[in-house]
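Working notes, beginning with the structure itself.
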Amino acid sequence: MLAQRGNGWEVTALLDWEFALAGPALYDVALMLRHEHQLPQAFAADFIARLAQQGVELHRGWHQPAKLLDLFNLYEFPTRGAVEGPLVRDVRDLIELTLRHWDIYAFDSGAA
2 MLAQRGNGWE VTALLDWEFA LAGPALYDVA LMLRHEHQLP QAFAADFIAR
52 LAQQGVELHR GWHQPAKLLD LFNLYEFPTR GAVEGPLVRD VRDLIELTLR
102 HWDIYAFDSG AA
């Protein structure tokens with residue numbers, strides 16, 4: 002986006018279309034919280050609260066479906082081209098972590 006400033010124009014926002022798709026907001030939540038285990042504990046709750054303030058309502062029990070969407074994405078990841086080394090280990094570790102905590106995500110139903 003551009004905004005007129007004085008006698009010129011200034012870039013005020015930039016859209017990154019790398020992961021653009023028409024889909025549920027829960028997909029964006031899944032991507033944002035992919036590494037929540039490495040983030041401060043309050044991050045996920047604050048993020049979900051901010052979504053609610055912006056009118057994005059998540060259903061009760063949203064966490065497990067979000068993780069399922071992320072699993073689909075992670076399983077598909079190696080088909081995108083040359084994926085090797087640390088990236089493969091990271092994806093494998095994320096899949097294993099998600100499956101290991103699957104039951105926790107089912108009961109972690111903090112709704113926005």
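With the first letter of the sequence shown counted as 1, position 37 gets the number 38 in the working numbering; the numbers rise by one all the way through.
Cβ coordinates follow ideal geometry from the N, Cα and C atoms, glycine included.
Residue i to residue j span [Cα, whole Å]
{"i": "I96", "j": "A67", "result": "13 angstroms"}
{"i": "A46", "j": "D94", "result": "23 angstroms"}
{"i": "P25", "j": "Q55", "result": "15 angstroms"}
{"i": "A53", "j": "L3", "result": "28 angstroms"}
{"i": "E77", "j": "L27", "result": "18 angstroms"}
{"i": "E85", "j": "R61", "result": "37 angstroms"}
{"i": "T13", "j": "R51", "result": "21 angstroms"}
Residue i CB to nearest heavy atom of the ligand ATP below 7 angstroms
{"i": "G86", "result": "Absent from the structure shown: the ligand ATP. Ligands present: none."}
Top-ranked residue by Cα proximity to residue i, from the options
{"i": "H64", "options": "G24, T99, V12", "result": "T99"}
{"i": "D29", "options": "D104, G9, L69, M2", "result": "L69"}
{"i": "A31", "options": "L40, D71, L16, P87", "result": "D71"}
{"i": "D91", "options": "E11, Q39, V57", "result": "Q39"}
{"i": "H102", "options": "P87, E58, R35, Q5", "result": "R35"}
For residue i, three-class secondary structure by DSSP
{"i": "A113", "result": "Caution is warranted here: a pLDDT of 40 is assigned to A113, below 50, making its placement in the model unreliable, and the coordinate value is therefore given only provisionally. If DSSP states are grouped into helix, strand and coil, A113 belongs with coil."}
{"i": "W10", "result": "strand"}
{"i": "A4", "result": "strand"}
{"i": "Q55", "result": "coil"}
{"i": "H64", "result": "helix"}
{"i": "E85", "result": "coil"}
{"i": "R35", "result": "coil"}
{"i": "D94", "result": "helix"}
Beta carbon proximity, residue i to chain B, threshold 8 angstroms
{"i": "R61", "result": "Protein chain content of the structure displayed is limited to a single chain, and chain B is not contained in it."}
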